Structures are given as structure tokens and as C-alpha cells.
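Read through the structure below, which is laid out as C-alpha cells, and then see the notes.
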Amino acid sequence: MEICVTPQQLRKKEMMTSSQVSVTAEEKATVEALQLLQASTDPAQVRHAYEAALQRWPHNLHLLIGLGSAAYVAGDRLTAAAAFRFATETYPDCASAFNNLASILTELGELHAAREAAQKAVALGGPWRDAAAVTLREIETAQHHAR
Numbered sequence: 001m002e003i004c005v006t007p008q009q010l011r012k013k014e015m016m017t018s019s020q021v022s023v024t025a026e027e028k029a030t031v032e033a034l035q036l037l038q039a040s041t042d043p044a045q046v047r048h049a050y051e052a053a054l055q056r057w058p059h060n061l062h063l064l065i066g067l068g069s070a071a072y073v074a075g076d077r078l079t080a081a082a083a084f085r086f087a088t089e090t091y092p093d094c095a096s097a098f099n100n101l102a103s104i105l106t107e108l109g110e111l112h113a114a115r116e117a118a119q120k121a122v123a124l125g126g127p128w129r130d131a132a133a134v135t136l137r138e139i140e141t142a143q144h145h146a147r
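Numbering-wise (this note's numbering), the sequence shown opens with residue 1 and increments by one.
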């Protein structure tokens with residue numbers, strides 16, 4: 001079964017009206033504020049705040065990763081997967097986005113797609129290589145048990 005939330009659907013999703021981003025807000029300051037907010041606020045509210053910020057800056061990597069993380073913590077795996085998938089499409093050299101996508105796809109039972117994402121994260125190398133290698137081994141174990 002394929003996950004049916006696309007990046008296009010993510011961009012069109014209704015945003016929380018009480019979290020609208022001010023027209024005078026600056027991108028960097030907004031990202032920093034949301035990252036601080038994430039540790040101290042209800043995960044669903046944080047997710048909505050990231051969604052609102054992404055309406056203004058739809059290709060900001062930090063906002064996409066933040067939305068994916070906030071949605072995951074709030075229990076919304078499909079939105080998390082869509083955010084990380086869009087991040088990998090927009091930033092194809094971002095190993096952390098591929099690794100996070102692989103982990104969520106594993107939880108959703110999308111083992112083939114998860115393995116591809118984890119392999120890409122490993123191939124990209126860098127500081128996420130070891131974590132991605134662990135994720136890949138976990139996926140391979142899950143695939144072995146699923147047979």
C-alpha cells in the first residue's frame with residue numbers, strides 16, 4: 001500500500017488561522033522561534049505553527065524537517081512522511097530527511113520504500129551516515145521477519 005499524502009496535498013492543507021505568520025516576520029527568526037517552541041508546547045499546536053510558516057516559506061528545509069518531527073510527535077505519521085518526502089525531493093542531498101523518511105515509512109509498513117530512502121541516506125554519507133546505516137539494518141531485519 002502506498003502512502004497517499006503527496007507534497008502537493010501538504011502544501012494545500014488548511015492552515016491553522018490562529019497561527020498565521022505575520023507579513024513582517026523574517027524567515028530565520030521564525031525558524032528559530034519554532035525550534036524553541038517545539039520543546040515547550042503541545043505537539044499539535046507546534047505542527048500547526050510549522051504548517052503556517054510553510055505557507056510563507058514552502059521550501060525551507062528547517063521548516064519541513066520541523067513539520068515532519070512535530071507531526072511525528074503528534075502522532076500524525078502521514079503528514080510526517082509527506083513533509084520528509086517533500087524535503088527529500090526539494091533537498092536531494094539531505095541525508096537526515098532521507099533517514100527520517102525511512103524510519104517513518106518503516107513504521108507505516110512501507111518497507112521497500114523505506115529501504116530505498118535509507119540506502120540513499122547511507123550513500124549521501126556525512127554526519128548522518130552511521131544513523132542511516134542503523135536505520136537500514138533495522139529495515140532489513142523487518143523485511144526478513146516479514147517474509
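Idealized CB from N, CA, C, for every residue including glycine. Bear in mind the structure is a predicted one, so any value in this text is a computation, not a measurement.
- request: Note the first and the last residue of the continuous alpha helix (DSSP H) segment covering Ala44.
  value: 43-56
message: Alpha carbons only, please: which of Thr88, Thr135, Gln45, Val73 is nearest the one belonging to Asn60?
response: Thr88
query: Between Ala83 and Leu64, is the Cβ-Cβ spacing less than 8 angstroms?
result: yes
- prompt: Which residue comes first and which comes last in the alpha helix (DSSP H) that contains Glu26?
  reply: Looking at the DSSP string, Glu26 is not in any alpha helix (DSSP H), and its letter there is neither H nor E.
- prompt: How many angstroms separate the CA atom of Ala44 from the CA atom of Gly66?
  reply: 12 angstroms
query: Quick one: Cα of Ser103 to Cα of Gly68, how far?
result: 12 angstroms
message: If I follow the unbroken alpha helix (DSSP H) through Arg147, where does it start and stop?
response: Premise fails: Arg147 is in no alpha helix (DSSP H) and is neither H nor E.
task: Identify which residue in Arg77, Ala117, Ala113, Pro127 has its Cα closest to the Cα of Arg47.
output: Arg77
query: Where do the N-terminal and C-terminal ends of the alpha helix (DSSP H) with Leu108 fall, by residue?
result: Counting along the chain, Leu108 falls outside any alpha helix (DSSP H), and DSSP gives it neither H nor E.
task: Helix, strand or coil for Glu138, going by three-state DSSP, please let me know.
output: helix
query: CB Ala53 to CB Leu37, shorter than 8 angstroms?
result: no
- prompt: In terms of alpha-carbon separation, which member of Leu108, Ala113, Ala114, Trp57 lies closest to Thr90?
  reply: Trp57
message: Taking 8 angstroms as the threshold (C-beta atoms), are Ala95 and Ala133 in contact?
response: no
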